[in-house]
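**Student:**
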Amino acid sequence: MPKTHPLQQVYRRLFTTYGPQHWWPAKNRFEVMVGAILTQNTAWTNVESAIANLKAAHCLTPRAIISLSKAKLAKHLTPSGYFNVKAQRLHNYCQWYLEHGEYRKLAKLDTNTLRHALLSVNGVGPETADDILLYAFARPVFVIDAYARRLLSRYGLIQGDEGYETLRHYCETNLKTGSIDDVQLFNEYHALIVIHAKRACRKKPLCENCCLNHKCSYNTVV
DNA sequence: ACCCAGGGTCATA
DNA sequence: TATGACCATGGG
Numbered sequence: 000m001p002k003t004h005p006l007q008q009v010y011r012r013l014f015t016t017y018g019p020q021h022w023w024p025a026k027n028r029f030e031v032m033v034g035a036i037l038t039q040n041t042a043w044t045n046v047e048s049a050i051a052n053l054k055a056a057h058c059l060t061p062r063a064i065i066s067l068s069k070a071k072l073a074k075h076l077t078p079s080g081y082f083n084v085k086a087q088r089l090h091n092y093c094q095w096y097l098e099h100g101e102y103r104k105l106a107k108l109d110t111n112t113l114r115h116a117l118l119s120v121n122g123v124g125p126e127t128a129d130d131i132l133l134y135a136f137a138r139p140v141f142v143i144d145a146y147a148r149r150l151l152s153r154y155g156l157i158q159g160d161e162g163y164e165t166l167r168h169y170c171e172t173n174l175k176t177g178s179i180d181d182v183q184l185f186n187e188y189h190a191l192i193v194i195h196a197k198r199a200c201r202k203k204p205l206c207e208n209c210c211l212n213h214k215c216s217y218n219t220v221v
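Letter 48 of the first sequence, counting from 1, is numbered 47 in numbering that gives the first Met the number 0, and no numbers are missing.
1) Using CA atoms only, rank isn't needed, just tell me which of Leu-76, Cys-170, Arg-11 is closest to His-195.
2) Starting from the C-beta of Val-84, find all residues in its chain whose C-beta is less than 8 Å away, skip the five residues before and the five after it, and write them out in chain order.
3) Go through its chain and collect everything with a Cβ distance to Val-221's Cβ below 7 Å, but skip five positions before and after it.
4) May I have the straight-line CA-CA distance separating Asp-130 from Leu-156, to the nearest angstrom?
5) When DSSP labels each residue in this structure, what does Arg-138 get in the three-state scheme?
6) Between Ile-36 and Leu-97, how many whole angstroms is the CB-CB distance? I'm expecting something under 8 Å.
7) For Cys-210 and Ser-152, I'd like the C-alpha separation in whole angstroms.
8) Leu-76 and Ala-49: beta carbons closer than 7 Å?
9) Using 10 angstroms around the beta-carbon of Pro-19, count the other beta-carbons present and answer buried if the total reaches 16, otherwise exposed.
10) Let me know if Trp-23 comes out buried or exposed under the rule of 16 or more other beta-carbons within 10 Å of its beta-carbon.
11) Please report how far the alpha carbon of Phe-185 lies from the alpha carbon of Glu-126, in whole angstroms.
12) Nearest-angstrom Cα distance between Arg-28 and Phe-14?
13) Starting from Gly-34, follow the alpha helix (DSSP H) in both directions and report where the run begins and ends.
Given below as structure tokens:
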């Protein structure tokens, strides 16, 4: 009977409280990729309306997006904020995506190679890359976002100011079993952290022990 | 009227 | 390598 790592215990609490989330909230792979870029430092509800705009304009494909002018694309992205920056980033991503043979061809790359390829796109940083790796390419990577940092540091598991790769490695090595179940585990874990963040300070009993709202001072170790 | 959101890039020191 | 400025809308 191997002893369970605190990260596994946190996962159990989240899963028991909220149940399976079956993420990412999108209709297909490409929509996952678009959402991953648009949600950078932005509330998801804003992203939803931007995606709805693209969909209504029949522009939710890489080819349609690269053929739009920067101004028109930015107009569709208005509700998601940073619309000029994101128009450029989305354009960069779609161009790269098409140049590299879209899903079929990219899916042949091993995870590390694919990760570096994603990071080579201007506008795709570590978290966006990992969102895409996990939710569009079904690769076993642990997504480190602001919520994960806050949650794990409030559980006393990390300091909180470690580098991205340090934390990703910490989470992955302590959770990986080596089977393909890892993908499902990481999928649910990130989704549960986000859903918990949205419900924190409203839902018991979890919030009383570890609240993700930055204004809340609860800080309990498992 | 503030505060913040499922980040990332670029310029400076 | 490590900070800081910047990007911008919408909900609490």
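Ideal placement from N, C-alpha and C gives every residue a C-beta, glycine not left out. Quick caveat: nothing in here was measured; it's all calculated off a predicted structure.
**Tutor:** To lay it out plainly:
1) Arg-11
2) Gly-122
3) Residue placement at Val-221 is flagged as unreliable, the pLDDT there being 42, under the threshold of 50; the coordinate-derived value follows with that caveat. So the qualifying residues of the chain are Pro-5, Gln-8, Val-9, Tyr-154.
4) 23 Å
5) coil
6) Contact flag wrong, Cβ pair sits at about 15 Å.
7) 11 Å
8) yes
9) exposed
10) buried
11) 13 Å
12) 25 Å
13) Element bounds for Gly-34: 28–37.
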